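Numbering (the numbering used here), first residue to last: 14 to 169. Heads up, the beta-carbon is just placed ideally off N, CA and C, and yes, glycines get one too. No experiment lies behind these values; they were computed from the predicted model shown. Encoded as structure tokens, the structure appears first; notes follow it.
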């Protein structure tokens, strides 16, 4: 669990993991609610869908808060998982009696955001990889030609 908590604190991985967890939890919860499953049971199942155990422990507190009579918004706000934008969308869904639809909107938004972040990361890593491959190729060429040049120099 300490490793998964550490991943949530690292600069690059924390945003990717949080966006992924919010999207997965929201989509699962929205689908379960649309299927007519109770909020409490849906939250418990949706929390288990998240692959990060640290986030699962955070989301398990949501079902405990719901049992104590808090709203879904207040329960999610007590965790470190949901950003304020997602919380505001959940509040709107609760107030408009369209929670499943709004959770789907949250999931769509964070899926798109995750795709954008991954694309940005790939576009940043790509030049670094190309430079690294170029350096490896240059080192291989030098390792082949330097002995040849030394032999030529010695024979003169």
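Can you have a look at residue 145 and say buried or exposed, based on whether 16 or more other CB atoms are within 10 angstroms of its CB?
Exposed, because fewer than 16 other Cβ atoms sit within 10 Å of the Cβ of residue 145.
I'd like the list of long-range same chain contacts for residue 78, defined as Cβ closer than 8 Å, with 5 residues on each side in sequence excluded.
87, 88, 91
What three-state label does DSSP hand residue 92 in the structure shown?
In this structure, residue 92 counts as coil in the three-state DSSP scheme.
According to DSSP, is residue 34 helix, strand or coil?
The answer is helix: DSSP assigns residue 34 an H, G or I state.
Going by C-alpha to C-alpha distance, which of 20, 42, 85 sits closest to residue 117?
Closest in C-alpha terms to residue 117, from the list 20, 42, 85, comes 42.
Go through its chain and collect everything with a Cβ distance to residue 60's Cβ below 8 Å, but skip five positions before and after it.
38, 69, 72, 73, 75, 76
DSSP three-state call for residue 26: helix, strand or coil?
helix
For residue 126, I'd like the list of residues in its chain whose CB is within less than 7 Å of its CB, leaving aside the five on either flank, ordered along the chain.
32
Determine the direct distance from the alpha carbon of residue 128 to that of residue 160, and round the result to whole angstroms.
48 Å
Does the beta-carbon of residue 94 have 16 or more other beta-carbons within 10 angstroms, so that it is buried, or is it exposed?
Looking at its Cβ environment, which holds 16 or more other Cβ atoms inside 10 Å, residue 94 is buried.
Take residue 81 as the anchor and find which of 101, 53, 106, 98 has the nearest alpha-carbon.
Per the Cα distances, 53.
State the start and end residues of the unbroken alpha helix (DSSP H) segment that holds residue 131.
112-168
Reducing DSSP to helix, strand and coil, say where residue 105 ends up.
helix
Pull up the distance between the alpha-carbon of residue 17 and that of residue 34, whole angstroms please.
13 Å
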